[in-house]
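A.B. asks: In my numbering, the protein residues as written are 1165 to 1278.
All C-beta atoms in this analysis are idealised placements derived from N, C-alpha and C, irrespective of residue type, glycine included.
Below is a structure I'd like to ask you about.
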């Protein structure tokens, strides 16, 4: 499975941004896709999860502001981010879980600044 994030960039506080994670390869083996983020000097943090059945889960810090969704069978997974805060600034990573393997994308930088 190969994952490629896109959609990162610079946004003002309060603004919106949508990240995309395009999956290729054995994407039908994917059971769960997660979005993680890592800010400088901090540990990588789980932000949002979507399962094969479509169930979603969010970190408390983004609940109500971020929405994870997918297109078709794992073709693309999105992270819609609204009401962005400076604390959301980080490199965002897409992660896909299969029964045996864990796959990561290269990351997308999200900068929240006026």
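Just tell me which of 1191, 1176 and 1204 has its CA closest to the CA of residue 1246.
C.D. replies: 1176
A.B. asks: Residue range of the beta strand (DSSP E) that residue 1245 falls in?
C.D. replies: 1240-1245
A.B. asks: With a Cβ-Cβ cutoff of 8 Å, do residue 1268 and residue 1167 count as a contact?
C.D. replies: yes
A.B. asks: What is the DSSP secondary structure of residue 1173, reduced to helix, strand or coil?
C.D. replies: strand
A.B. asks: Would you identify the three-state DSSP class for residue 1191, choosing helix, strand or coil?
C.D. replies: helix
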